[in-house]
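Asks: Numbering (this note's numbering), first residue to last: 50 to 168.
All C-beta atoms, glycine included, are put in the ideal place defined by N, C-alpha and C.
(1) Runs of 4 residues minimum, wholly inside the segment 105-144: which ones carry the alpha helix (DSSP H) assignment?
(2) What residue does the alpha helix (DSSP H) around residue 166 start on, and which one ends it?
(3) Check whether chain D comes within 8 Å of residue 111, counting only Cβ atoms and requiring the distance to be less than that.
(4) Among the candidates 61, 74 and 142, whose CA atom is the shortest distance from the CA of residue 127?
(5) How many angstroms separate the CA atom of residue 117 from the CA atom of residue 106?
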């Protein structure tokens, strides 16, 4: 009996870790797809303009900056996500939440449970 319960606990932990790894790879896939699209839009926009001054220079500067900053900042977030998933697998999102958010969630759960009792 003890062995079965220990195996069940191990299975649940492994399953939870698998889900975290899958979420990371999904995040990575979306990152790659969106950045390919952004790069394609950049190429098509510049090729359509053909060096013409149809768009304000300020907009072009803003657009070029955003096409650099978006993948960099998102990539930083992706890197942190990967580190948390692969280097610190025992850390959960609950561990990273500030206490005020945890308390708010607990209050909301109690509130919703009370609403269900009243029905």
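Replies: Let me lay it out:
(1) 106-131
(2) 148-167 is the span of the alpha helix (DSSP H), which, as asked, contains residue 166.
(3) Although the question refers to chain D, the structure presented lacks it and comprises just one protein chain.
(4) 74
(5) In this model, residue 117 and residue 106 are separated by some 17 Å (Cα to Cα).
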